[in-house]
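Numbered by our numbering, the letters in the sequence shown go through residues 4 to 494 in order. Glycine included, C-beta positions come from ideal geometry on N, C-alpha and C.
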Amino acid sequence: MRYLCAHVKLKCACRLCSSGQSPFPGPAEQARACIYSRQSTALPKNGQVAKLHMTKVAVTGTQYCGKTMFLTSLLWQLEELDETRFHLPDGVAVRGFRPQNVRERDEVFPLNRFRNVLAREYKWPEKTKDTYHARYGFHHSGRWRIRSRHTVEFLDLPGERIADVAMVVHKDYDEWSDHLLDHLSQDTFGREVAAQFRTAAAKPGASARDVVLAYRLALARLILAYKPLVSPSVFFLDRTGDLARDEDETKLAESRRCGLDEEREFAPLPRDVRDANPELADEMQRHYREYRREVVLPLFRHLMSAQSLVVLIDIPSLLMAGDQRFWDERQIVVDLLRAMCSDTNSARILRTLRLKSALKRVSFVASKSDLVLEDDLREGRLLALLRSMNTRAAQQIWPSVEVRWFTCSACVSTRPGSRPNTLIGQTQPGPYTSERYSAEVQVSRLPEEWPQAWKLGDFRYRHFWPRVPENFMIPPRHRNLDDIFKFAVLG
């Protein structure tokens with residue numbers, strides 16, 4: 004019988020160990036690990052080769068774009084795999100999809116808790132407040148009946164933290180300050196907020212405390228205007244997982260911190276203020292570097308070790324919120340791809356320390372496709388908006404990385420209404436079989452292309468409650484999760 008691994012004097016010759024990518028520290032540990040493989044993984048009798056594949060998939064996007072529901076539904080579909088609902092190509096099979104242990108210091112994705120919230124409480128899962136890890140093993144056979152063993156690890160990162168991605172690219176505080184203030188001035192509301200902050204920072208005799216308080220007030224206004232680019236992100240979601248919720252900008256500014264703690268807060272300074280007050284600039288730079296080292300880089304090391312990246316974009320919410328949120332989200336995605344595919348020294352160091360292989364695949368996904376009309380999906384308007392919004396972001400990606408575009412709904416909770424341009428969905432939480440809280444709601448048709456300008460209220464969409472069977476054997480109805488899995492994981 005032939006086996007996956009052969010050993011000579013405790014030297015492992017398996018694919019991982021021979022390439023230097025083994026997770027085990029020494030020859031003896033490698034041998035023990037591979038002996039386990041030798042006992043359980045014999046080649047098929049017809050001589051086909053058994054291969055071992057390891058993939059890390061990072062699911063990203065700004066807050067409330069549906070990352071947690073996306074991963075919950077995907078894992079649920081795979082654990083309860085029914086090929087009539089989760090389609091795989093002819094000749095392709097996935098078997099034995101089982102959870103594996105993650106590292107002790109990593110937070111495990113709470114699939115069972117989220118599944119219970121959906122099926123028993125009829126509510127959406129709570130938003131991500133920490134980096135979750137979900138690790139699974141499965142067997143996969145392709146069109147040529149070549150069997151392979153896969154290990155896949157999914158990462159679910161808090162959407163608020165993605166706003167700090169510019170700190171990965173801009174190691175220098177001055178560069179980050181110019182980048183952030185320039186971006187804030189791109190839309191009318193942001194320009195007004197940035198101008199008020201610049202005025203406060205440029206006042207003669209302004210102390211570090213005065214500048215920080217003025218910047219806190221600016222961040223509070225951005226949050227209340229539903230703008231996602233709030234950096235440092237601990238002002239929005241602090242390190243204990245507490246989310247900014249107060250509806251009064253003054254109270255919000257007083258209760259939150261824009262730094263590691265009250266003694267180490269910082270704010271971006273305009274160039275003229277930095278030149279006029281170098282001591283203040285030095286203090287801000289020192290706190291910026293500490294925050295970048297302790298909060299930003301550890302998080303993005305996880306992200307930059309991924310071979311596959313899934314970027315979720317909630318287009319109905321962008322249309323509802325007005326163009327000021329659109330520009331923020333577009334810039335965040337551009338900065339994210341620039342950081343992952345950058346040739347700056349900091350990016351090279353991160354890849355050297357963490358990556359076992361380069362980024363290979365990027366999936367741009369228009370999430371919550373069940374909130375738009377069937378005609379918009381059928382005629383490709385949702386996909387066209389996704390492409391045009393993220394063309395600049397896609398240009399940041401290395402030519403060797405494969406890019407694909409998808410529309411998706413992790414939990415289809417609507418159906419077409421009886422009247423034109425309407426959808427029927429649950430307006431309050433309720434059982435799957437209940438129609439008590441169902442309502443027929445008018446929604447806007449998607450535009451053929453992004454408008455030149457639009458404001459809050461120009462487009463109308465409705466967020467409904469989930470419709471999920473109480474029987475855990477039956478995952479929620481989905482759109483295109485199977486296609487995304489085939490590309491992002493199987494390649």
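(request) Could you check what DSSP says for P281 in three-state terms: helix, strand or coil? (result) Residue numbering aside, residue 281 sits at position 278 when the sequence shown is read from its first letter. P281: helix per DSSP, three-state reduction.
(request) Alpha carbon to alpha carbon, how far is W330 from S25? Give it in angstroms, no decimals. (result) Your numbering for residue 25 matches position 22 in the sequence shown. Your numbering for residue 330 matches position 327 in the sequence shown. Residue confidence is low: S25 scores 42 on pLDDT, short of 50, so the model does not pin down where it sits. Its coordinate-derived value is still stated next. Here the C-alpha atom of S25 lies approximately 42 Å from the C-alpha atom of W330.
(request) Mind listing, in chain order, the continuous beta strand (DSSP E) runs of no fewer than 3 residues lying wholly within the segment 52-109? (result) Qualifying beta strand (DSSP E) stretches, in chain order: 54-63 and 96-103.
(message) For a test of the three-state rule: what should DSSP assign to R418, helix, strand or coil?
(response) Locating residue 418 in the sequence shown gives position 415, counting from the first residue. In this structure, R418 counts as strand in the three-state DSSP scheme.
(request) Determine the extent of the beta strand (DSSP E) in which T410 is found, giving its start and end residues. (result) As a position in the sequence shown, residue 410 is number 407, starting the count at 1. Element bounds for T410: E405 to T410.
(request) Compare the beta carbon distance of E252 and L227 with 9 Å and say whether it is the shorter of the two. (result) Within the sequence shown, residue 252 is the residue found at index 249, counting from 1. Within the sequence shown, residue 227 is the residue found at index 224, counting from 1. Yes; because the gap between Cβ atoms is below 9 Å, this pair is in contact.
(request) Use the C-beta contact count for R418: other C-beta atoms within 10 angstroms, 16 or more gives buried, fewer gives exposed. (result) Start at 1 with the first residue of the sequence shown, and residue 418 comes out as number 415. Using a 10 angstroms sphere on the CB of R418, the tally of other CB atoms stays under 16, which defines it as exposed.
(message) Tell me which residue opens and which closes the beta strand (DSSP E) that G244 is part of.
(response) The count along the sequence shown starts at 1 and reaches residue 244 at position 241. Here G244 belongs to no beta strand (DSSP E), and DSSP marks it neither H nor E.
(message) Rounded to whole angstroms, what is the Cα-Cα separation between G94 and D85?
(response) Looking up residue 94 in the sequence shown gives position 91. Looking up residue 85 in the sequence shown gives position 82. G94 and D85: Cα-Cα distance of roughly 15 Å.
(request) Using three-state DSSP, classify I477 as helix, strand or coil. (result) Stepping through the sequence shown from its first residue, residue 477 is reached at position 474. Three-state result, I477: coil.
(message) Just to confirm my understanding: we take S236, look at its own chain, exclude 5 residues before and 5 after, and list those with CB closer than 7 Å. What are they?
(response) As a working note, residue 236 is residue 233 in the sequence shown. Counting only Cβ-Cβ distances below 7 Å, and skipping sequence neighbours, we find E163, R164, A166 and D167.
(request) Any chance you could list the alpha helix (DSSP H) runs of at least 4 consecutive residues sitting entirely within the segment 270-319, in chain order? (result) At a cut-off of 4 residues, the continuous stretches assigned as alpha helix (DSSP H) that sit fully inside the segment 270-319 are 274-279, 281-294 and 300-307.
(request) Give every residue of the same chain whose Cβ lies closer than 8 Å to the Cβ of E107, excluding the five residues on either side of it in the sequence, and list them in chain order. (result) Walking along the sequence shown from the start, residue 107 turns up at place 104. Result list for E107: empty, nothing under 8 Å.
(message) With distance defined between alpha-carbon atoms, name the residue in Q103, D245 and P450 nearest to H153.
(response) Here the question's residue 153 lines up with position 150 in the sequence shown. The shortest Cα separation from H153 among Q103, D245 and P450 belongs to Q103.
(request) Using the DSSP secondary-structure output, state which residues sit across from T425 in a beta bridge. (result) The count along the sequence shown starts at 1 and reaches residue 425 at position 422. Per the DSSP secondary-structure output, T425 pairs in a beta bridge with Q445.
(message) Given a cut-off of 9 Å on the beta-carbon distance, is the pair R470 and S416 in contact?
(response) Indexing the sequence shown from 1 puts residue 470 at position 467. Indexing the sequence shown from 1 puts residue 416 at position 413. For R470 and S416, yes; Cβs fall inside 9 Å.
(request) Go ahead and label G383 buried or exposed: buried means 16 or more other beta carbons lie within 10 angstroms of its beta carbon, across all protein chains shown. (result) For this step, residue 383 is matched to residue 380 along the sequence shown. Taking every protein chain shown into account, the CB of G383 has fewer than 16 other CB atoms within 10 angstroms, so this residue is exposed.
(request) Indicate whether at least one CB of chain D lies closer than 9 Å to the CB of A387. (result) Absence of chain D from the displayed structure is noted, only one protein chain being present.
(request) Use the C-beta contact count for L312: other C-beta atoms within 10 angstroms, 16 or more gives buried, fewer gives exposed. (result) Within the sequence shown, the letter at position 309 stands for residue 312. The C-beta of L312 has 16 or more other C-beta atoms within 10 Å across all chains shown, which makes the residue buried.
(request) Using alpha carbons as the reference points, say which of L386, S372 and F488 lies closest to R495. (result) Nothing about residue 495 can be read from this structure; the chain reaches only from 4 to 494.
(message) Taking only three categories from DSSP, how would you classify D471?
(response) To locate residue 471, count along the sequence shown from 1; it is residue 468. Asp is not the amino acid found at residue 471; the sequence shown has Val there. Residue state, collapsed to three classes: coil.
(request) Give the straight-line distance between the Cα atoms of A61 and H142, rounded to the nearest whole angstrom. (result) For this step, residue 61 is matched to residue 58 along the sequence shown. For this step, residue 142 is matched to residue 139 along the sequence shown. Cα-Cα distance, rounded: 21 Å.
(request) Identify the continuous alpha helix (DSSP H) that holds R499 and give its terminal residues. (result) No answer is possible for residue 499: the residues shown for the chain start at 4 and end at 494.
(request) Return the CA-CA distance between K363 and T134, expressed in angstroms with no decimal places. (result) Here residue 363 refers to the residue found at position 360 when the sequence shown is read from its first residue. Here residue 134 refers to the residue found at position 131 when the sequence shown is read from its first residue. Going by the C-alpha atoms only, they are around 22 Å apart.
(message) So, for D213: in the same chain, excluding its five sequence neighbours on each side, which residues have a beta-carbon less than 6 Å away from its beta-carbon?
(response) Position 210 of the sequence shown, counted from the first residue, corresponds to residue 213. Cβ within range, chain order: n/a, list empty.
(request) Could you name the residues of the same chain whose beta carbon sits closer than 6 Å to that of L225, not counting the 5 residues immediately before and after it, in chain order? (result) By 1-based counting over the sequence shown, the position of residue 225 is 222. Answer for L225: V233, listed in chain order.
(request) To the nearest angstrom, report how far apart P472 and V406 are at their CA atoms. (result) If you number the sequence shown from 1, residue 472 lands on position 469. If you number the sequence shown from 1, residue 406 lands on position 403. The alpha-carbon atoms of P472 and V406 are separated by roughly 34 Å.
(request) Provide the residue span of the alpha helix (DSSP H) that contains H186, from first to last. (result) On the sequence shown, position 183 is the one that residue 186 refers to. Residues Y176 to L187.
(message) Rounded to the nearest angstrom, what separates S180 and A137 at their Cα positions?
(response) By 1-based counting over the sequence shown, the position of residue 180 is 177. By 1-based counting over the sequence shown, the position of residue 137 is 134. One C-alpha to the other measures close to 36 Å.
(message) Could you compute how far the alpha carbon of Q327 sits from the alpha carbon of F100?
(response) On the sequence shown, position 324 is the one that residue 327 refers to. On the sequence shown, position 97 is the one that residue 100 refers to. Going by the C-alpha atoms only, they are around 42 Å apart.
(message) Rounding to the nearest angstrom, what Cα-Cα distance links A223 and L255 in this structure?
(response) In the sequence shown, residue 223 corresponds to position 220, counting from 1. In the sequence shown, residue 255 corresponds to position 252, counting from 1. Here the alpha carbons of L255 and A223 stand approximately 6 Å from one another.
(message) Using only the alpha-carbon positions, how far apart do S441 and L78 sit?
(response) Numbered from its first residue, the sequence shown carries residue 441 at position 438. Numbered from its first residue, the sequence shown carries residue 78 at position 75. One C-alpha to the other measures close to 28 Å.
(request) Can you tell me the Cβ-Cβ gap for E83 and M476, rounded? I've got them flagged as a contact below 8 Å. (result) Along the sequence shown, read from residue 1 onward, the residue named residue 83 stands at position 80. Along the sequence shown, read from residue 1 onward, the residue named residue 476 stands at position 473. Taking C-beta atoms under 8 Å as the contact rule, E83 and M476 qualify, at a distance of about 6 Å.
(message) Here's a check: name, in chain order, each residue in its chain whose Cβ is nearer than 7 Å to the Cβ of R295, leaving out the five neighbours to either side.
(response) Here the question's residue 295 lines up with position 292 in the sequence shown. Hits under 7 Å: M170.
(message) V368 and L315 - do their beta-carbons sit closer together than 9 Å?
(response) For the purposes of this step, residue 315 is identified with residue 312 of the sequence shown, where counting begins at 1. For the purposes of this step, residue 368 is identified with residue 365 of the sequence shown, where counting begins at 1. Annotated as proximal: L315 and V368, with beta-carbon spacing under 9 Å.
(message) Looking at V155: is its Cβ nearer than 9 Å to the Cβ of K70?
(response) If you number the sequence shown from 1, residue 155 lands on position 152. If you number the sequence shown from 1, residue 70 lands on position 67. Inclusion of V155 and K70 in the CB contact set at 9 Å is not warranted, their separation being larger than that value.
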